[in-house]
Amino acid sequence: MLGDGDMFVRSDHRVRALAPWLCAALVLTACGDDFTPPEDLAPKPSEYQPGRVGLVSLLSGGGGVEASLYERPDPLAPEVRVVEGECTLYTRPDEGSCVPVCGPGVCTPANQCVEGPRPASAGVITVTALRQGLRFQPRPGGYELDTPPPVELFDPGASIRVIAAGADLPAFSAQLSGVPPLEVAFDTITLRGDRATRLIWTAAGVGRVSLEISIARPGAPLSAMLLCEADDNGSLTIPAAIAGRLRAPLEGESVRGTIARLERSVITTAAGPIEIVAGSR
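Residue numbers for the sequence shown follow this note's numbering, beginning at 15 and rising by one.
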């Protein structure tokens, strides 16, 4: 039984014969302890972009392959609430109380009705150096892939190139490396409000390891997210202070936990940042 301030999170991993690195038994467990990182090892801030206008996600192992671009950021994009150690707590602002009620748009906290961002195009997005090349085609409702992607997207060390031809948004390109599969053996995490929780994995010494614990209604934007990122040194600590600030889900909301080894590139545009991620979830 969990104590006050504790939260139990089960990840959404599905064990597949094609991905033995997920560990069929899934037996490694997150452990609460009193681990404190040395003071001279200040954690690097995450480059996650809550106010982004675009995302190109290349997550191997069935973790997610998508491209989405918008004309401007979400007017209710998540905001930073607390930063503690390697972790940041984000929450989505509450809508205002617009009178009359907004139609298809949203009501900002300043009680102004604004339209939600519409899909935008940067032309065809081509990804090379994968086990199978990918092309994202712009459509009126957003980007679509020409062909389904393979489950395992790339080989470790692959020199992945992402190139957008340009259209509504300017042309852009990014270079990332294919990271090795992330070898963990846990499918549950218990967040504690009275002591730190330390996660352990098999380090590869490349990229970053990112843990996301998000709360959202099905099909809706996240309402809260705890994001913890660390260099790939084999461990990550969730401080008790920030774990205790992540609220419990409301009725109709669910909690989702994912962990990935990744490389991230951020493209700066006049409309806002575009985040490009290659990794293994």
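Cβ coordinates follow ideal geometry from the N, Cα and C atoms, glycine included.
query                                                                                                                   : result
Continuous beta strand (DSSP E) stretch holding ALA244: start and end                                                   : 238-245
Cα-Cα separation, ILE227 to LEU213                                                                                      : 13 angstroms
Alpha helix (DSSP H) segment containing ALA255, residue limits                                                          : 254-257
Local conformation of THR332 per DSSP, three classes                                                                    : This structure gives no information on residue 332, because the portion of the chain shown stretches from 15 to 295.
Status (buried if at least 16 other CB within 10 Å, exposed otherwise) for PRO195                                       : buried
Reference SER272, options VAL113, ILE229, LEU148 and THR282, closest by Cα                                              : The displayed chain sequence assigns Thr, not Ser, to residue 272. Of VAL113, ILE229, LEU148 and THR282, the residue nearest in Cα terms is ILE229.
Of the listed residues ALA292, THR282 and ALA254, nearest to PRO87 (C-alpha basis)                                      : THR282
Length-filtered (3 minimum) beta strand (DSSP E) runs lying within the region 182-248                                   : 186-191, 202-205, 211-214, 222-230 and 238-245
Secondary structure of GLY76, DSSP reduced to three states                                                              : coil
For ALA81: DSSP bridge partner residues                                                                                 : VAL70
Range covered by the beta strand (DSSP E) that runs through GLY293                                                      : 287-294
Between the CA atoms of LEU148 and PRO163 - distance to the nearest angstrom                                            : 7 angstroms
Residues that DSSP places opposite PRO163 in a beta bridge                                                              : BP columns for PRO163 are empty, so no partner.
Other residues of its chain near GLY171: CB distance less than 7 angstroms, five sequence neighbours each side excluded : SER191 and GLY192
6 angstroms CB neighbourhood of LEU144 in its chain, flanking five on each side removed                                 : LEU167 and PHE168
Environment of LEU240 [buried if 16+ CB atoms lie within 10 Å]                                                          : buried
Beta carbon proximity, LEU264 to chain C, threshold 9 angstroms                                                         : Protein chain content of the structure displayed is limited to a single chain, and chain C is not contained in it.
CA-to-CA distance, VAL223 to GLU277, given in whole angstroms                                                           : 9 angstroms
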